[in-house]
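Numbering (full-length UniProt numbering), first residue to last: 1 to 434.
Heads up, the beta-carbon is just placed ideally off N, CA and C, and yes, glycines get one too.
Keep in mind that this is a model prediction, so the values were computed, not measured.
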């Protein structure tokens, strides 16, 4: 989304009044009370512009809050949507980041499971009801009814998602975790206590991308003997391949036009197959050729870990430039074309608005199942923590760059540029408290 569409959505998001909230839980205060001190934080300043600034440090504002001293935080592929201003609802000065971990400094009087000194990871999705709302009680924490006051998103989607840290005012306007301090509302529900044997570079990836990779497999019901094709060899795509192998998939094929990413993944995941659609016949023809001998003649499961920005054709680039669509359907359409009849399509790549030329006919006639959604991190992270501790899963295999928080602008630029000579897959930022 760009130009007038972004400006209009921004204005609407900023003018939105909070939604009415059922009476079963107290309303949350989005704007944190200041502690009187300052901290360093990564702030959004506009398209392709982030800056590390001194901003007010948060204090306990609601009785269920915890204040964390952040030690490690990461730049997510979703943060790049904000960096290129493809997501509306941003204000200059907003603190970015939804992948963060650290040490509890202070808790509110109604926090029961945490105390100062606890080392914790923070989920990107905010459960604002303590598990009491219709959605959280069913494990759909990223759809919490109590953490996102945006009426604009409700108008866009029919119902809003839950709130997310550091990810625009459409998802609640919550301050992000790329900072020296973070206020976590309803901390008992949104913090995971960490054992000493899980290092920071593993723990920080429990906040989003490892659960999201696992969620991609859950949505696709990946199991023993499956043939799985994954679009996107970014951090989530690579970890989705790692999870698919762990779950017993017989073949895992990773697809990406960046050869350095494919080579990186193949070197770390033995048995992984790769496909570069820019070489040879393109993704559809090449994948059918690779899977021609399979019982269904195609993959059983396809995973879209790319999302809205996969516009490779001039037609969709032009439609996005002219604001005739906000998102490109090309990755999803390739998934639909490539999966076997009766197969499963899993979508964890981010989409924001609408698209043209979606292959609904092929989707229906091939009798496909398609599922997508933001990850309910709290549903998975206890089990995933144990898999990390046992060595069954190693999310840190995607980390290529570790930078101090003050160098975050360089990290954003490098991650977005995707230069082969940089070899950037995942950037972790360290605060002085690390």
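The C-beta distance from residue 335 to residue 304 rounds to 5 Å, short enough to fall under 8 Å.
Within a 10 Å sphere around the beta-carbon of residue 264 sit 16 or more other beta-carbons, which makes this residue buried.
The C-alpha of residue 224 is placed about 5 Å away from the C-alpha of residue 249. In this chain, residue 431 is not harboured by any beta strand (DSSP E), its DSSP state being neither H nor E. Residue pairing from DSSP places residue 106 in a beta bridge opposite 67. Take the alpha-carbon of residue 354 and the one of residue 307: they are about 12 Å apart. With contacts defined by Cβ atoms closer than 9 Å, residue 427 and residue 123 do not form a contacting pair.
Secondary structure of residue 59 (DSSP, three-state): strand. In the structure shown, residue 407 falls within a helical segment according to DSSP collapsed to helix, strand and coil. In this structure, the beta-carbon distance from residue 254 to residue 241 falls below 9 Å.
For residue 424, there is no enclosing alpha helix (DSSP H), as DSSP marks it with neither H nor E. Listed in chain order, the non-local C-beta contacts of residue 80 below 6 Å within the same chain comprise 416, local neighbours out to five positions each way being set aside.
Close CB contacts of residue 414 within its chain, under the 6 Å cut and outside five residues either way in sequence, are with 422 and 424 (chain order).
In terms of CA proximity to residue 210, 235 leads the group 228, 411, 196 and 235. Under the criterion of beta carbons closer than 8 Å, residue 111 and residue 188 qualify as touching, at roughly 6 Å. Looking at the DSSP output, residue 254 bridges to 230 and 274.
Per DSSP, reduced to three states, the secondary structure at residue 35 is strand. Note that the C-beta distance between residue 301 and residue 348 is not below 9 Å.
Sixteen is the threshold: since fewer than 16 other Cβ atoms of the shown chains lie within 10 Å of the Cβ of residue 138, the residue is exposed. For residue 119, the enclosing beta strand (DSSP E) starts and ends at 119–122. The alpha-carbon of residue 388 is positioned some 12 Å away from that of residue 239. Membership of residue 243 in any beta strand (DSSP E) is not indicated; the residue belongs instead to the alpha helix (DSSP H) covering 235–246. The three-state secondary structure of residue 263, taken from DSSP, is helix. Proximity of the stretch 390–399 to the stretch 43–56 falls short of the contact definition, fewer than three beta-carbon pairs being nearer than 8 Å.
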